[in-house]
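Colleague: Take this structure first; my questions come after.
Residue numbers (our numbering), protein chains in the order written: chain Z, 1 to 315; chain S, 1001 to 1189.
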């Protein structure tokens, strides 16, 4: 009995030590691709060397377009230019000058399971590397941010996103980067953007400088339809979208949409929430004509709207 | 390991509220050094509650508000001493344990990792350990230990949700500055 109790702690201490060393090793490996970004007053933010001369960051931490500097893992400070940014996925891409460092080892976010140990690695306080430990708290399928950005997987983290940790790397136990952490997508909740989404958005930002998105020029909110009306129209849901604003000269106004019209279907698909409309506004819809079924004065009418491209704020 | 750490962690009742302290080393057969924070041991004396429940008065021998360290001694023999680690070898990401009395909960343990080391933004001292571990008032002065259970720091404050600890090597330097080196005195005696 005595022997057993004296042996077990030794074994568990050995396992603990091995885990501790593995974690420190993972930090060391992944930390070589984590940078500090100076693009806002006071606290810098974090970024990941996605390619030898490309850094990905959280868009909401990039407060200026010019005079951005990046502190590299080797301590050098280099100028960076903003190659593009996308508010809807909270991603920004910076191009570095005179930096040729090994890029991050990118893993697949889809390999993660709820409960897996993960680290957030940032470089915010001074230039020293910072780490926080936690687990994957929730995983689910593709989702759309409140600004309409499409994210391939919902990854919620049970770890602390410290000040300056938006843009930090989500690192798995083997030291591979499996996402970009941000607190800017869902009211401060610690979320990670999957690597596949970062790849897709970064690619497009590098080529075009922005993410093209379809645009109707409408403001809408859900309304409840009467049971009789729902039955008469044969709608699957008793919710539809009432138009509360119409952009002057926007695609919808040109098609004749008016404030007060109730949108019940778009492109033949019933709509009950703005998400259903967003689903028809991917870049592949730009230039296409969509049939909008609306209720006006109790009668159904159809409008043909040619989807435009969302105007960019930064222009 | 936690049991071992708890055996060298004491409650310190000095200033307001109190905190924790570490049974650092023995200084001869009739005296023992306890390390805590300067902001925990404010007066010339401080009350100690040992892990076995004994209450003792300790003399505050030296304080260093700059480092936020205080050295206390008690005239007691046979007390355990902490296993002190080398804070120079700390790596970011390694596991750490903190023992203390957060909100008066005696002997509570918190686990986390080393967040950063060295000269740190949030810490005005030249050297600091910043740990991703949840601490509260009452953890002040208590031990921060590595995965071997060796004490690598003294928890001192919480800034921006992160624990700041004074590295064990800094504590050893503080004790040497007092002309005391753990072990030496025992050998001399």
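Positions of the beta carbon are idealized from the N, C-alpha and C atoms, including for glycine.
1) Whose C-alpha, out of 145/Z, 173/Z, 153/Z, 120/Z, is nearest the C-alpha of residue 186/Z?
2) I think residue 162/Z touches residue 1161/S, with their Cβ atoms under 8 Å apart; what is that distance to the nearest whole Å?
3) Is the beta carbon of residue 246/Z sitting closer than 8 Å to the one on residue 255/Z?
4) Compare the C-alpha of residue 189/Z against each of 157/Z, 180/Z, 133/Z and name the closest.
5) Put residue 162/Z into one of helix, strand or coil per three-state DSSP.
6) What are the uninterrupted segments assigned as beta strand (DSSP E) that are 3 or more residues long and contained completely in the stretch 73 to 103 of chain Z, given in chain order?
7) What residues in its chain sit with their C-beta under 6 Å from that of residue 201/Z, if we drop five residues either side in the sequence?
8) Can you pull the chain Z neighbours of residue 1113/S, defined as C-beta to C-beta under 9 Å?
9) Establish whether the CB of residue 1118/S and some CB of chain Z are separated by less than 8 Å.
10) Could you please give me the residues that DSSP links to residue 1132/S through a beta bridge?
11) For the stretch 1085 to 1096 of chain S, which residues have a CB atom closer than 7 Å to at least one CB atom of chain Z, in sequence order?
12) Residue 177/Z and residue 48/Z look like a contact to me (Cβ under 8 Å); what is the Cβ gap, rounded to whole Å?
13) Keeping to the same chain, check which residues put their C-beta closer than 6 Å to that of residue 1108/S; ignore five residues upstream and five downstream.
14) Name the residues in the stretch 1148 to 1168 of chain S whose C-beta lies less than 8 Å from a C-beta of chain Z; which are they?
15) Does residue 301/Z pass the burial test, meaning 16 or more other C-beta atoms within 10 Å, or should it be called exposed?
16) Taking only beta carbons into account, state which residues of the stretch 162 to 179 of chain Z come closer than 8 Å to chain S, listed in chain order.
17) Tell me whether residue 1035/S, by its Cβ, gets closer than 7 Å to a heavy atom of the ligand ATP.
18) With a cut-off of 8 Å on the beta carbons, I'd call residue 1084/S and residue 1096/S a contact; round off their distance for me.
19) Quick one: is residue 128/Z near chain S, going by C-beta distance under 8 Å?
20) If you draw a straight line from the C-alpha of residue 1188/S to the C-alpha of residue 1057/S, how long is it?
21) With 8 Å as the threshold, decide whether the Cβ of residue 191/Z is near any Cβ in chain S.
22) Taking the beta strand (DSSP E) that residue 1011/S belongs to, which residues open and close that run?
23) Got a sec: is the Cβ-Cβ distance from residue 186/Z to anything in chain S below 8 Å?
24) Contact check, residue 121/Z vs residue 1147/S under 8 Å by CB: the rounded distance?
25) Should residue 297/Z go down as buried or exposed, given a rule of 16 or more other Cβ atoms within 10 Å for buried?
26) In chain S, which residues lie less than 7 Å from residue 17/Z when you measure between Cβ atoms?
Modeller: Reading from the atomic positions:
1) In the first chain, residue 186/Z corresponds to position 186, counting from 1. Ranking the options by Cα distance to residue 186/Z, first place goes to 145/Z.
2) Working through the first chain from its first residue, we reach residue 162/Z at position 162. Working through the second chain from its first residue, we reach residue 1161/S at position 161. Right, their Cβ atoms sit about 6 Å apart.
3) Looking up residue 246/Z in the first chain gives position 246. Looking up residue 255/Z in the first chain gives position 255. For the 8 Å CB-CB criterion, residue 246/Z and residue 255/Z do not form a contact.
4) Residue mapping note: residue 189/Z aligns to position 189 of the first chain, counting from 1. Of the candidates 157/Z, 180/Z, 133/Z, the one whose C-alpha sits nearest the C-alpha of residue 189/Z is 157/Z.
5) One-based indexing of the first chain puts residue 162/Z at position 162. If DSSP states are grouped into helix, strand and coil, residue 162/Z belongs with coil.
6) 77 to 86, 91 to 96
7) Mapped onto the first chain, residue 201/Z falls at position 201. Taken in chain order, the residues that qualify are 86, 89, 91.
8) Position 113 of the second chain, counted from the start, is the residue given in the question as residue 1113/S. 20, 23, 24, 27, 119, 131, 132, 133, listed in chain order.
9) Translated into positions along the second chain, residue 1118/S becomes position 118. Yes, because at least one Cβ of chain Z sits closer than 8 Å to the Cβ of residue 1118/S.
10) Position 132 of the second chain, counted from the start, is the residue given in the question as residue 1132/S. DSSP output for residue 1132/S lists 1113/S as bridge partner(s).
11) 1091, 1092, 1093, 1094, 1095
12) Start at 1 with the first residue of the first chain, and residue 177/Z comes out as number 177. Start at 1 with the first residue of the first chain, and residue 48/Z comes out as number 48. The pair is a contact, with the Cβ atoms about 6 Å apart (cut-off 8 Å).
13) Taking the second chain and counting its residues from 1, the one referred to as residue 1108/S is at position 108. Within the same chain, residue 1108/S has close Cβ partners 1102.
14) 1148, 1149, 1160, 1161, 1162
15) Translated into the one-based positions of the first chain, residue 301/Z becomes position 301. Looking at its Cβ environment, which holds fewer than 16 other Cβ atoms inside 10 Å, residue 301/Z is exposed.
16) 162, 163
17) Summarising the ligand content, the structure contains no ligands, and the ligand ATP is consequently not present.
18) In the second chain, residue 1084/S corresponds to position 84, counting from 1. In the second chain, residue 1096/S corresponds to position 96, counting from 1. That pair is no contact at about 15 Å.
19) The residue you call residue 128/Z lines up with position 128 of the first chain. Taking Cβ atoms only, chain S reaches closer than 8 Å to residue 128/Z, which makes this a yes.
20) By 1-based counting over the second chain, the position of residue 1188/S is 188. By 1-based counting over the second chain, the position of residue 1057/S is 57. Any reading at residue 1188/S must be qualified, since the residue scores a pLDDT of 34, below 50, and its modelled position is unreliable; the value itself is stated next. Straight-line Cα distance between these residues: approximately 26 Å.
21) Taking the first chain and counting its residues from 1, the one referred to as residue 191/Z is at position 191. Not one chain S Cβ lies under 8 Å of residue 191/Z.
22) To locate residue 1011/S, count along the second chain from 1; it is residue 11. Run containing residue 1011/S: 1009 to 1013, per the beta strand (DSSP E) assignment.
23) Within the first chain, numbered from 1, the residue matching residue 186/Z stands at position 186. Not one chain S Cβ lies under 8 Å of residue 186/Z.
24) As a working note, residue 121/Z is residue 121 in the first chain. As a working note, residue 1147/S is residue 147 in the second chain. Taking 8 Å as the upper bound for CB-CB distance, residue 121/Z and residue 1147/S are not in contact here, some 19 Å apart.
25) As a first step, residue 297/Z must be located in the first chain, where it is residue number 297. Burial call: exposed.
26) By one-based count along the first chain, residue 17/Z stands at place 17. In chain order: 1147, 1148.
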